[in-house]
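Comments concern the structure below.
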Amino acid sequence: MTTEQQFLEKAIMLAKENPIDEGSPFGAVLVKDGKIIAEGVNKVFATFDSTSHAELNALRIAEKKLKTTRLDSYEVYASGQPCPMCLAAMRMAGITKIVFAYSNKQAEPFGLSSQKVTDDLNSSIEKQTWATIFHMNLDPEATLYKHWQTIK
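Following the UniProt record's numbering, the numbering of the sequence shown begins with 1 at its first residue and continues without gaps.
Structural data, given as structure tokens:
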């Protein structure tokens, strides 16, 4: 078994062991230089937090432990295909490699796929199924960001 497979097996084991009242069957491990730095499981139901996904929980644990928001050259191994939120967060943190064991297609029959959200977000703003409104004329000079720049 390769190291990559071992990390995936660990993520799957975390998902299997996650109690049903905690969240959905998802687990993730964050790895750097072949060592597990943090682990996470889905805790959406336990925390009443729709962002408490396995990948994000692993990132949160690692960032607090390492006192950084940059995880460049780290890898994430996840039991299931990450949703758009998790992918965006991993990208923002600098994760360089994401490996997952089960696809959205495999998760679909169990109501665990994020493919519909992915598809919606991949369409133009005008075609998405929710209301997204940009008030461009509210502050065309972006004074909020200019203010922040002066105090940073």
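C-beta atoms are modelled at their ideal positions from N, C-alpha and C, and glycine is treated no differently.
Spell out the partners DSSP gives Ser98 in its beta bridges. Note on identity: in this sequence residue 98 is Ile, with Ser being the wrong assignment. Answer is Val76, bridged to Ile98.
Which residue marks the beginning of the alpha helix (DSSP H) containing Leu14, and which one marks its end? Segment 3-17, the alpha helix (DSSP H) holding Leu14.
Close beta carbons around Cys86, own chain, < 7 Å, minus the five adjacent residues each side: His53, Glu55, Leu56
Distance, Cα to Cα, Glu63 vs Ala107? 29 Å
Can you tell which of Gly23, Asn122, Gly27 has its C-alpha closest to the C-alpha of Val44? Gly23
With 16 other Cβ atoms within 10 Å as the buried cut-off, status of Phe48: exposed
Enumerate in chain order the residues of its own chain whose CB-to-CB distance from Phe26 is below 6 Å, with the five nearest sequence positions on each side excluded. Result list for Phe26: Ala15, Asn42, Ala54, Ser79, Gly80, in chain order.
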